[in-house]
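Q:
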Amino acid sequence: MNERMISRKQAERIVLDSARQIDVERAGIDEALGRALAQDVASDIDMPPFDKSAMDGYACRRADLKAQLDVIETIPAGKEPTSAIGPGKCAKIMTGAMVPEGADCVIMKEYVEVIDERTVRFVGKDTATNICFLAEDTSVGDVVLRKGELIKPQHIAILASLGCTSPLVYRRPNVGIVATGDELVEPTEKPGASQIRNSNSYQLVAQVRAAGAIPHYYGIAGDNEEAIDSLFKAALAVNDVVLISGGVSVGDYDLVPGVMRRNGVELLFESIAMKPGKPTHFGASASTFCFGLPGNPVSTFVVFELLVRPFLLKMMGHEFIAPNVLMPLNEAIEKRRTKREAWFPVLLTSEGTVKPVEYHGSAHARALPQADGLICLPAGVNRFEAGTIVHVRQI
Ligand code: AMP
Ligand code: MG
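What the sequence shown shows, in our numbering, is residues 7 to 401, in sequence order.
#1: Along the alpha helix (DSSP H) that carries arginine 267, what are the first and last residues, could you check?
#2: Does the Cβ of asparagine 230 lie closer than 7 Å to at least one heavy atom of ligand 1?
#3: Can you say whether aspartate 122 is buried or exposed, counting buried as having 16 or more other CB atoms within 10 angstroms of its CB?
#4: Inspect the CB distances between the segment 299-317 and the segment 250-262 and report whether three or more fall short of 8 Å.
#5: Would you kindly report the start and end of the unbroken alpha helix (DSSP H) that includes histidine 397?
#6: Would you say lysine 335 and alanine 392 are within 8 Å of each other, going by their C-beta atoms?
#7: Tell me the rounded alpha-carbon separation between asparagine 245 and glutamate 347.
#8: Would you call asparagine 230 buried or exposed, if buried means 16 or more other Cβ atoms sit within 10 Å of its Cβ?
#9: To which residues does DSSP link serine 59 through a beta bridge?
#10: Going straight from the alpha carbon of glutamine 201 to that of tyrosine 223, what length do you get?
#11: Grab me the residues of methionine 7's own chain with a C-beta within less than 8 Å of its C-beta, minus the 5 sequence neighbours each way, in chain order.
#12: What number of angstroms, rounded off, separates the C-alpha of arginine 389 from the C-alpha of isoleucine 339?
#13: Within this structure, are the beta carbons of valine 175 and alanine 38 separated by less than 8 Å?
#14: Would you kindly work out how many angstroms separate the C-alpha atoms of glutamate 405 and glutamine 376, rounded to a whole number?
#15: Tell me, which residues are paired with glutamine 74 by DSSP?
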């Protein structure tokens, strides 16, 4: 084995240990989605802020359920009741309205017989309380959201309900993206003989954006040192992270590692025992982290998901825990060599099993849109039988 080749777990450790959190800033709640909180958020109010009706119905005393009740007022949401509920009385009440003093339950409209405009009778067997009590969800001062949590739409609701309209969050890292390869043309062009379209830069732009960071695309460098050096330098100078794809393996035109070194990047690893992704490089200059990613679109995709996404999120103040499900394989999978762990695209069937999608290797980008996740056949293992319970890393 190449002695510089490390395991994917070691690579993950090195990458995560290197990540340093970047600075913080305030974000309006309309732009906080996908960022990590840099502060705990405490509640400035009780929730609910008053005893609140959970139903449309009549607020009354449980002791009076068997009696005819006088309706003394109607309480819509947003209005305070004007009087307390005494024996034999009730108030018509709407969902979300304040429950009047004296009432200890709300009987649902559906179980009430209206005798006349001023008189009703409960005709159900029994009733739940149907009141959301003052502060039963949250009291003033409770920490409701914690530093490091990733802000999802449901977090936005809480921020809004607490009036926290510009939470402190971590800055989004700037990520420079450079493609290399003499054979590449941009997607707007029709490839000539021996050319292919640059697809993985756009995939990387999208992955970076989906991770919550800010992509900056620098274009394609041909396979010569000057061209690579010029785009790489430009990206290195102004970004927190640079992703450069292609040109990292051992071919005559794989010039990226040399260019990285000459630009002051110290390489922390140069090869990972994984397939796809073996020639992945990672290093750091004084100010910027760099990933050299293999050029095939499936390789860049997988390495991004396994290493770059957790790294970017750690920089953004969030500990990424991969969405993972455990399910049985519905057919065997196999690999010939066992030196490296191997990742396969799979889909989740409606029967609750895992099905490998047709996959011809790391150039077969078409396999990915069909897949719901990736599974790993570890180093040293050459086959999983049908029925094996596997971890599916969702993508
Ligand atoms: P490399 O890592 O440069 O040896 O490239 C490995 C394979 O990936 C080659 O077949 C390249 O043509 C292909 N490739 C490299 N860069 C890209 C790219 N940006 N988009 C699509 N395919 C690429
Ligand atoms: Mg190349």
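Positions of the beta carbon are idealized from the N, C-alpha and C atoms, including for glycine.
A: Let's see:
#1: 262-268 is the extent of the alpha helix (DSSP H) around arginine 267.
#2: No; taking the cut-off as 7 Å, the Cβ of asparagine 230 has no heavy atom of ligand 1 nearer than that.
#3: Using a 10 angstroms sphere on the CB of aspartate 122, the tally of other CB atoms stays under 16, which defines it as exposed.
#4: Yes: the two stretches touch, three or more of their Cβ pairs being nearer than 8 Å.
#5: For histidine 397, no alpha helix (DSSP H) run applies; the uninterrupted beta strand (DSSP E) run containing it begins and ends at 395-400, by DSSP.
#6: According to the sequence provided, residue 335 is leucine. The question's lysine does not apply to it. In contact: leucine 335 and alanine 392 (Cβ atoms closer than 8 Å).
#7: Roughly 32 Å between the two C-alpha positions.
#8: When all chains shown are included, asparagine 230 counts as exposed.
#9: Residue pairing by DSSP places serine 59 opposite Ile137 in a beta bridge.
#10: Distance from the CA of glutamine 201 to the CA of tyrosine 223, rounded to the nearest whole angstrom, comes to 20 Å.
#11: Legend: pLDDT at methionine 7 = 43, less than 50; position of this residue unreliable, value from coordinates given subsequently. Short of 8 Å from the beta carbon of methionine 7, and not among the five residues preceding or following it, lie these beta carbons of its own chain, in chain order: Ala279 and Lys345.
#12: Looking at the backbone, the Cα of arginine 389 and that of isoleucine 339 are separated by about 6 Å.
#13: Contact flag set, yes.
#14: A query on residue 405 cannot be resolved here, the shown segment of the chain reaching from 7 to 401 and no further.
#15: Checking the DSSP bridge columns, you'll see glutamine 74 partnered with Arg127.
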